[in-house]
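Protein chains in written order, with the numbering used here: chain A, 1 to 183; chain B, 184 to 366; chain C, 367 to 549; chain D, 550 to 732.
Only one structure is covered here, and it is reproduced in the block below.
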DNA sequence: CATGAATGAGCGTTCATTCAT
DNA sequence: AATGAATGAACGCTCATTCAT
């Protein structure tokens with residue numbers, strides 16, 4: 001109950017998160033995280049009973065930022081620019097945090113807070129996308145989920161190449177989404 | 184070394200390949216392949232010292248088909264249609280054969296034949312792409328490698344969703360590649 | 367060392383004992399006891415350095431009751447009834463308190479008080495048994511320790527079946543002990 | 550398929566069984582067995598996928614012998630001697646093989662063969678016991694299962710003391726089972 | 001060549017015990 | 001004296017790889 005006792009715990013937690021964020025999120029091995037963090041295995045389990053809990057914690061902050069972005073985009077009167085801003089930021093954040101893709105894609109799993117955040121992000125973006133589609137600046141034959149998958153695809157493409165490809169590949173995606181499909 | 188022994192070896196090889204192609208290429212367990220093939224583990228290792236070798240062998244046929252496609256596309260006088268055909272086919276083949284992405288992306292590894300085929304495919308497509316870019320039907324600021332990565336990205340996106348998304352997501356990519364970048 | 371601190375310590379001790387007596391004595395997990403007692407693990411270790419110490423403390427009360435029984439049996443002029451009463455009570459108490467068997471059997475270990483109580487119990491019962499054997503109501507070829515082991519055996523048998531078996535199995539044992547061995 | 554290949558496997562199997570029978574059957578740890586047997590963990594798992602499989606295998610031979618005993622007892626025209634022989638042998642075998650108690654008691658689990666053997670043993674003994682009870686040489690108020698539990702209890706008692714106690718404690722049990730209960 | 005038994009590194013997980021606060 | 005976070009040994013189990021037959 002003393003804040004002093006917590007100091008150590010907080011430090012452990014942060015070392016673990018730091019170590020974990022250095023690993024490939026898709027193959028987190030809790031023993032390895034413990035080793036890297038210079039911490040006992042048990043400590044990792046105390047803080048994060050499952051891999052999902054750890055991945056979730058790793059993504060919490062990023063999810064908050066993405067929600068922020070999604071909400072600000074919702075307030076942008078220019079629908080095209082709103083879409084551009086959001087997708088650009090989403091891509092950047094996903095590249096920064098390799099676990100975000102999983103967390104967003106499997107949005108029904110994970111802890112309460114992550115699910116809530118994911119839901120808010122999707123909801124906000126759904127609104128923006130619908131608006132853009134009504135205004136004809138985004139092709140009307142695509143769903144929110146498909147756009148999300150596309151962003152994940154571009155993330156994948158950037159990872160196959162170099163970070164420097166990001167702007168170009170994003171631009172291709174945006175151009176492909178713009179306007180109506182050619183018949 | 185008798186002909187009989189050889190026949191046996193060939194038969195083993197084929198059983199292994201048949202068994203492996205039934206598995207998800209991205210999580211090949213050699214023991215399981217052996218069991219499915221009705222063959223000892225050692226036999227699998229004799230034929231394919233590494234997982235990559237097996238994946239490579241599994242992709243040989245697909246690579247040949249892709250080369251065929253690339254060459255035919257090279258002969259299509261309509262550059263736009265050539266690009267469209269090739270990328271569509273490449274995507275379809277990659278979705279069909281989950282190992283193809285790796286084989287093409289890590290084209291400098293693998294066995295002689297795979298490397299040669301990959302090189303031919305890339306060379307043929309490079310020609311077609313350059314022509315399309317000269318004619319202004321594909322944006323000029325993108326490289327062969329980046330397009331390859333994009334295809335892999337779309338493959339990834341389709342896998343996240345459903346096979347039914349393929350046509351749409353491909354179309355987005357093609358639309359995004361078309362013409363010149365907006366200023 | 368203030369009286370207040372002492373009061374707290376006593377309270378902790380009692381909460382721990384209460385929690386532990388609710389668990390199966392043969393699979394005590396100190397962490398769990400601590401949790402159930404609403405007390406830190408460290409506190410449990412302070413009061414009871416080893417599991418044995420805790421089991422011993424848990425048995426103290428039962429041991430006192432068993433000593434009482436042994437002494438009263440010693441005063442029963444009817445040797446057969448004395449034996450019957452004592453063994454019946456001993457069995458009942460052992461079934462009630464799963465740790466008692468260990469405490470009695472390993473009577474040379476444990477804390478001062480437990481050892482003293484065990485010694486008194488064995489001494490009192492030894493007197494009663496000798497008397498019964500002199501009077502010919504209990505076979506003369508069996509020792510106190512063997513009888514103790516038999517009681518533990520019957521306890522084991524009852525645990526394998528149901529509590530309802532207790533009377534019958536006790537009766538078998540008593541009948542088996544009665545009189546002289548058949549030649 | 551070659552007998553040669555099996556030679557090693559048989560040797561491993563036997564080393565494992567030997568090592569395991571040296572351990573306390575009620576706390577078999579497969580890693581430890583492997584260590585003791587001088588064999589890789591995987592080898593233990595190949596031969597015995599579960600602890601139960603190992604315990605079962607350990608008891609197979611003993612079970613067969615016990616069935617033999619039960620059947621021969623069934624053919625003994627003297628019911629009292631039949632009971633005496635069977636229980637004496639059962640006790641001896643259970644002392645020899647610490648896992649037998651578990652295997653017999655949890656007779657519905659385990660592999661096919663063990664269950665079949667246990668069933669045969671219980672069936673044969675049930676016949677003998679009923680006969681003895683009809684003839685009035687064994688008290689009529691006890692069931693096969695209760696007798697089995699008693700044998701386990703005596704096994705427990707002997708283990709608490711020394712092997713030398715076996716004959717005496719068995720005799721107490723037999724005397725206790727004899728005739729009719731005193732009213 | 002083929003076989004599949006053997007190996008052992010290594011992951012996930014638990015839990016008794018210690019020790020900084 | 002109390003706390004509970006931290007520790008790490010050890011177990012269950014899997015699987016890629018080797019090697020005796």
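Ideal Cβ positions, reconstructed from N, Cα and C, are used throughout, including at glycine.
The continuous alpha helix (DSSP H) containing residue 308 of chain B extends over residues 295–317. Secondary structure of residue 358 of chain B (DSSP, three-state): helix.
Chain-ordered, the chain D residues with CB closer than 9 Å to the CB of residue 471 of chain C read 709. Under DSSP, the beta-bridge partners assigned to residue 687 of chain D are D/727. For residue 34 of chain A, the enclosing alpha helix (DSSP H) begins and ends at 30–37.
For residue 339 of chain B, the C-beta contacts it makes with chain A under 7 Å involve 152, 153, 156, in order along the chain. DSSP places residue 657 of chain D in no alpha helix (DSSP H); its state is neither H nor E. With contact defined as three or more Cβ pairs closer than 8 Å, the stretch 660–679 of chain D and the stretch 700–717 of chain D are not in contact. No Cβ-Cβ contact shorter than 7 Å links residue 535 of chain C with residue 544 of chain C.
A distance of 7 Å or more separates the beta carbons of residue 358 of chain B and residue 311 of chain B.
Just so you know, the alpha carbons of residue 52 of chain A and residue 166 of chain A end up roughly 28 Å apart. Inter-segment contact for the stretch 403–422 of chain C and the stretch 475–483 of chain C is present: three or more beta-carbon pairs are separated by less than 8 Å. The three-state reading of DSSP puts residue 597 of chain D in coil, since its state is none of H, G, I, E or B. Straight across, the Cα-Cα distance linking residue 564 of chain D with residue 226 of chain B is about 29 Å. Within the stretch 374–393 of chain C, no residue has a Cβ lying closer than 8 Å to any Cβ of chain D. For residue 161 of chain A, no alpha helix (DSSP H) segment is defined, and its DSSP state is neither H nor E.
Between residue 204 of chain B and residue 241 of chain B, the C-beta spacing is below 7 Å. Under the three-state reduction of DSSP, residue 206 of chain B is assigned to coil, being neither helix nor strand. Residue 397 of chain C counts as exposed, since fewer than 16 other beta carbons sit within 10 angstroms of its beta carbon. In this structure, residue 414 of chain C sits away from residue 436 of chain C, with a CB-CB distance that is not shorter than 7 Å. For residue 444 of chain C, not one C-beta of chain D is nearer than 7 Å to its own C-beta. The beta-carbon of residue 465 of chain C is placed no less than 7 Å from the nearest beta-carbon of chain D.
In this structure, the alpha-carbon of residue 18 of chain A lies about 22 Å from that of residue 117 of chain A.
In this structure residue 403 of chain C is buried. Its beta-carbon is surrounded by 16 or more other beta-carbon atoms within 10 angstroms.
According to the DSSP assignment, residue 268 of chain B belongs to the alpha helix (DSSP H) that extends over 262–279. When the five nearest sequence neighbours on each side are left out, the beta carbons in the same chain lying within less than 7 Å of the beta carbon of residue 282 of chain B are those of 208, 238, 241, 242, in order along the chain. With respect to chain A, the C-beta atom of residue 358 of chain B has a partner C-beta closer than 7 Å.
Using a Cβ-Cβ cut-off of 8 Å, residue 529 of chain C is close to nothing in chain D; its nearest Cβ partner there is about 12 Å away. For residue 512 of chain C, the neighbours in chain D by C-beta distance under 9 Å run, in chain order, 706, 710, 714, 717, 718, 721. By the Cβ-count criterion, residue 140 of chain A is exposed, with fewer than 16 other Cβ atoms from all chains shown falling within 10 Å of its own Cβ.
By the beta-carbon neighbour count (other beta carbons within 10 angstroms, threshold 16), residue 223 of chain B is exposed. Its Cα nearest to that of residue 462 of chain C, the residue C/432 stands out among C/443, C/491, C/432, C/441. Interface criterion not met: the Cβ of residue 230 of chain B is under 7 Å from no Cβ in chain A. Taking 7 Å as the cut-off, the beta carbon of residue 132 of chain A is found closer than this to the beta carbon of residue 138 of chain A. Against chain D, a Cβ distance below 9 Å from residue 487 of chain C picks out nothing, because the smallest value is about 16 Å.
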